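Q:
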Amino acid sequence: MHSAHAFRSSRTRTFTQHRQRPISILRKRLDAAGIALLAAALLLSLAIIVPSVQAGKSSAAPASEKRSEYNLPKSFKGKLPITQLTEDEAILHALDRLAYGPRPGDVDRIRKMGLEKWIDQQLNYTTIDDSALDAKLAEFKTLKMSSEQLLSKYPPPNQAAKRQGLTPEEVRQQYQQEMQAKRQEMRQQGIDPSMIQFETMPGPQRIQAELDLATIDRAIYSNRQLYEVMSNFWFNHFNVNVAKGADRWLLNDYVERTIRPNAMGKFENLLDATAKSPAMLFYLDNWLSADPIAFQHMQQELALRRQRFQGLFMGMEMPAPRQFPQAGRFPNGQPPQGPPKKQERGLNENYGREVMELHTVGVNGGYTQADVIQMADCLTGWTIRAPRKDPQFFFDDRIHDRSPKIVMGKTFNYGGMKDGLEALHMLATSDATAHHISFELAQHFVSDNPPQSLVNRMAQTFLSSDGDTRAVLKTMIYSPEFWSRDAYRAKVKTPFEVAVSAARALDAQTTVSPQLAQWVGRMGEPLYQCEPPTGYADTADVWVNAGALLNRLNFALTLATNHMPGVNTDLSGLFGQDADSDPSLVLSRALGDFLGGQVSAQTKGTLEKHLSDPQILQARLDDPVKHVNEGLIAGLVLGAPEFQRR
Amino acid sequence: MRISRRIFLKSGGVAMIGMTAMPAFLQRAIADTPAPNKKKLVVLFQRGAMDGLNVVVPFAEPNYYRLRPTIAIPQPKDGGAEAAIDLNGFFGLHPSLQPLEPLFHSGQLAIVQAVGSPDPSRSHFDAQDFMESGTPGKSSTNDGWLNRSLQEMPSPKASAFRAVAFGPYLPLTLRGSASAIAIPDLKQFRLFGNPQVTEGDFESMYASSVDQALHGVGQETFEAVDSLKKLDPDNYQPANGAQYPKSRFGKSLQEIAELIKADLGMEVAFLDSGGWDNHVNEGGVEGQLSNLLRDLGHGLAAFHQDMGDQMDDVVFVSMSEFGRTAHENGNRGTDHGHANCMFVMGGQVKGGHVYTKWPGMSDEQLYQNRDLAVTTDFRSVLGEIISKHLGTRDLSPVFPGFDNDPSKFLNILKS
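Written out as structure tokens, the structure is:
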């Protein structure tokens, strides 16, 4: 929905401690009623030790477990420095951070195989079998198509019209008629409405719809969970907005062949791949950036060649020079620099700035405006060949800046593509980048304000391992800060995380559900549609607000009560036949499966109070036996405050 | 107290009517809704850095045409729809802002030109933070200037709608200890399903939650949901024949008008718009910027028309994080610059005037030889508005460290 929102608000590019906005400050307000309620709540759970509750954190764990030291068996934790969490908490923590939350049976499985072994598998994901997911994704045919194939099969309306010799409006009408017929036919065959919606959406939109659904399916069903988390992390770090012009046709290639192959590899490879990707070149305008002098030179040569060519056709008329149509309206009747040179092209500093500010060293990384320009100079000539037909990276030496360039004190005078590659290499290997990336990773995996000690250790590994993502993750996972009580459930889920973790908790089966993707958007995170290059925020202060909360509750109810077209949940299978007539059994199983049984006394009390409500236990007309409305209970648990955290 | 609620079952949009008891604390919240501050402030943030020089065009400045050979807006003297609309012989509006011309000449609209933040950052994200926090150069500020101005006017019984952001997020401008909510879509601001169970349960789960981040939010949400039941956004009819553009901006403005007229206690409204970061093919008379301005002009004119006499109690103000380079770049666009322009509209505005200390656009007059210089601090404009219009007495906590003495105001507002 609101793709046009927020050139900013969505993002904290906060990577130094002082830029944080703790929730405690944001939510200080407590009116009289609130204080009374809170006081009552605290009395209820006498056990809660207030000072140990981190800002904004729920304290679901019983007091006896607070700050306790646990000696977990070596066979379970190996060398993982877990001392403040119980075995089940450690498993849930791992599943919430290194995966998209627990699916039924996950906790038992990890308990049996040992946590360290599971983590090791996730880090070395290529050995994990994912064939079931691959089979499921096979129906999304656009994933494997090149940009050229996408442009040819799903052309932009104008191109399609040109091809058929019609006006765009005629093409649109023709298309609508076809789809109308198709819709009717599918309806008569009794096909699921979400499938009809999917099959009849306009061509170019179909590309993104498939990518959205694949992204959601991967997060729900992939056994390579950490790899999926990292793929989405890096996409968000190197954000591209699908709604910007040609990027609709370039995004698949970007996700499938730029981001994903590099998601667990070396940072510099990923940086170079994004710098060369048509999607990024288009999104941040570098494909048009040229050294103005080199460009003029090129134009002159082209003109000369054209003249020679036309010389061969002596006697034919030369085209008249273009007149500037509005010349009379300028002062003195003429624009000061003569007619605009339509073919003029020059430097564009957009990518040069963002590659430093967002992708590498960070806004406080020590660069100046002059560095931005010279960085852009280094990258002149990095462009797209055949952008409308077969978009491919192409280095055009003819428009590359040949003068020496100085970026952050280092001179780049190699000539050709090496200028850009060396400049990117300098950025990728800099100390500031190591800290910036480590901070973002720690903020994603540990807490909104990650401990500096942890970030420093990760940055050390980043530098010593040549920016190896897997090594940096390993350092993080083998740090006590990662397993600290303070980090437990410290993160508020983003809308995507809410949607995917809820589907996992319910063991929901997706067929094709464009609506599931739409719900992620409605909750505030439309997939691949973040307009600014910052990507979406990874901190609670952005996601926690009244409007968003309402949508989360509505999502939970819709999904759990089986009202999401294209998604099926088998709740009686999930909760067991014996729970069908026993609301309290359903509740305790839902709390156990979705939240590891760890909820506050308040949440539990509220839910228990309503178990006798006629809405919960319903008799059907044809069946005198009362059945539990399991969807409603599940929806209430998925909408509870505790499920908003990970 | 029993009230009727409309519930929409998600699948197929089946409407049902149900009755239920309202929790006591919500009854209190509604009964206590005080006579709200009559004055309303509407704030627009144009994210991405609007090109103020092509919006309020200095057509009598020869350097403007020298620096922008292909994207300049022609001088108004030849008239027509493809030239700047003369405002005062020096500045002209972009032709796509034509709907604002009568508002300017009738004194409802004022413009501030060469205004902005003194901080030199050309990072969108830093500059937006600085402008929204109201503390240029200081990135540690946790709350927004508008929230702090509300903190300065404590209103313990304030409505859940006292401060509303129209969109999916609460912007930094409105974040802080004073209550504020974000409404992504007025029409869908309600809970699905059976109200007896879902609303009651969610309300009490969130109201009693010890989760510090979520407790307050839950309470705000349900207060707002209940108050909104007085509204019927599906059938809102703008007054005086006003026609809002069908854009997100137009929709938000219409929702703001609806909430103001419903008298639910809204004092400040925030909306934002994107798409202003035109490094490539920004265009001149036609093009990307022109399309955005058409939306802006039509939207504001419709809002003004819809509000009618109530515009006397409303001030609208717009801002964007920084301006764009005085010269166009190599792709018929502009890069990140410095000073920009702001629009101030309302019944109490001394309009029909472009407030500016024009810095000039010769190379040596430009900031760092490339951008329009800032000669008016944005905090002085906002300070005057919240002090005169909203009645914030002490501006120093709102804009800490900035000398906002009333004697230095530009006097854009009447009283």
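Chain order of the listed sequences is A and B. Residues -8 to 637 (the working numbering) make up the first sequence, in order. Residues 182 to 596 (the working numbering) make up the second sequence, in order. Cβ coordinates follow ideal geometry from the N, Cα and C atoms, glycine included. Computed from a predicted structure; not experimentally measured.
1. Does any CB atom of chain A fall closer than 8 Å to the CB of B/Met386?
2. Checking contacts by CB at 8 Å: is A/Pro331 closer than that to chain B?
3. Can you give me the start and stop residues for the beta strand (DSSP E) that B/Ser499 sits inside?
4. From the DSSP output, read off the bridge partner residues of A/Trp373.
5. Is the shortest distance between the beta-carbon of B/Asp415 and the beta-carbons of chain A less than 8 Å?
6. Let me confirm a value: A/Lys68 is counted as buried when at least 16 other C-beta atoms fall within 10 Å, else exposed. Which label applies?
7. Give me the Cβ distance between B/Asn462 and B/Asn512, rounded to the nearest whole Å; I'm assuming they're in contact under 8 Å.
8. Given B/Pro278, which residues of its chain have a CB within under 6 Å of its CB, disregarding the five upstream and five downstream residues?
9. Less than 8 Å between CB atoms is the rule here; does B/Phe583 satisfy it with respect to chain A?
10. Run through the region 542 to 620 of chain A for me and flag every whole beta strand (DSSP E) of 3 or more residues, listed as ranges in chain order.
11. Can you list, in chain order, the residues of its chain whose CB lies under 8 Å from that of A/Glu107, leaving out five sequence neighbours each side?
12. Are the beta-carbon atoms belonging to B/Ala308 and B/Phe503 less than 8 Å from one another?
13. Taking Cβ-Cβ distances below 8 Å as the criterion, which residues of the region 501 to 531 of chain B are in contact with chain A?
14. Taking DSSP's pairing of strands, which residues face B/Gly527 in a bridge?
15. Within the region 397 to 444 of chain B, note down every full alpha helix (DSSP H) run reaching 4 residues or more, in order along the chain.
16. If you check the beta carbons only, do A/Ile390 and A/Pro382 fall under 8 Å apart?
17. What three-state label does DSSP hand B/Arg505 in the structure shown?
18. Would you mind telling me which residues of chain B sit closer than 7 Å to A/Ala531, beta carbon to beta carbon, in chain order?
19. List the residues of chain A whose Cβ lies closer than 7 Å to the Cβ of B/His460, in chain order.
20. Given B/Leu395, which residues of its chain have a CB within under 7 Å of its CB, disregarding the five upstream and five downstream residues?
21. Do we get a CB-CB distance below 8 Å when we pair B/Ile211 with the residues of chain A?
22. Could you name the residues that DSSP lists as bridge partners for B/Ala262?
23. Taking the straight line between their C-alpha atoms, what separation do you get for A/Ala285 and A/Asp392?
24. Is the separation between the beta-carbon of A/Phe384 and that of A/Ser280 shorter than 8 Å?
25. Determine the contact status of A/Asn243 and A/Pro524, defining contact as a CB-CB distance below 8 Å.
26. In chain order, what residues of the same chain have a beta carbon less than 6 Å from the beta carbon of B/Leu591, not counting five sequence neighbours either side?
27. Excluding the 5 residues preceding and the 5 following A/Val577 in the sequence, name in chain order all residues of the same chain whose CB lies nearer than 6 Å to its CB.
28. Would you check if the distance between the CB atom of A/Ile187 and the CB atom of A/Arg178 is smaller than 8 Å?
29. Based on the DSSP secondary-structure assignment, which residues constitute the bridge partners of B/Asn521?
30. What is the rounded straight-line gap between the Cα of A/Pro395 and the Cα of A/Leu338?
31. Interface residues of chain B around A/Leu598 at Cβ under 9 Å?
32. At the 8 Å Cβ level, is B/Lys595 part of the contact set with chain A, yes or no?
33. In chain order, what residues of the region 148 to 171 of chain A put their CB closer than 7 Å to some CB of chain B?
34. For B/Pro587, count neighbouring Cβ atoms within 10 angstroms of its own Cβ and tell me buried if that reaches 16, exposed if not.
35. Got a sec: is the Cβ-Cβ distance from B/Glu401 to anything in chain A below 8 Å?
36. Mind checking the region 553 to 566 of chain A against chain B and listing, in chain order, the residues whose C-beta falls within less than 7 Å of any C-beta there?
A: The structure says:
1. Yes, its Cβ sits closer than 8 Å to a Cβ of chain A.
2. Residue confidence for A/Pro331 is low, a pLDDT of 40 falling below 50, so the modelled location carries little weight; the figure read from the coordinates is stated next. It does; some Cβ of chain B falls within 8 Å.
3. 495 to 501
4. Paired residue(s): A/Phe386.
5. No, no contact with chain A.
6. buried
7. Contact flag correct, Cβ pair sits at about 7 Å.
8. Going by the sequence as given, residue 278 of chain B is Leu instead of Pro. Once the five neighbours on either side are set aside, the close Cβ partners of B/Leu278 are Leu474, Gly478.
9. no
10. 608 to 611, 614 to 619
11. Phe67, Lys68, Gly69, Lys70, Leu71
12. yes
13. Glu502, Asn510, Gly511, Asn512, Gly514, Asp516, His517
14. B/Val496
15. 429 to 443
16. no
17. strand
18. Ala394
19. Asp276, Asn339, Asn341
20. Same-chain partners within the cutoff: Tyr387.
21. Any reading at B/Ile211 must be qualified, since the residue scores a pLDDT of 44, below 50, and its modelled position is unreliable; the value itself is stated next. Answer no: the Cβ-Cβ gap between B/Ile211 and chain A never drops below 8 Å.
22. Partner(s): none; B/Ala262 has no beta bridge.
23. 7 Å
24. no
25. no
26. So the list reads Tyr536, once near-sequence residues are dropped.
27. Here the set comprises Phe566, Ala570, Val619, Glu621, Ile624.
28. yes
29. B/Val296
30. 15 Å
31. Asp382, Met386
32. No, B/Lys595 lies away from the interface with chain A (no Cβ there is under 8 Å from its Cβ).
33. none
34. exposed
35. Taking Cβ atoms only, chain A reaches closer than 8 Å to B/Glu401, which makes this a yes.
36. Of all residues in the region 553 to 566 of chain A, those with a C-beta nearer than 7 Å to a C-beta of chain B are His554, reading in chain order.
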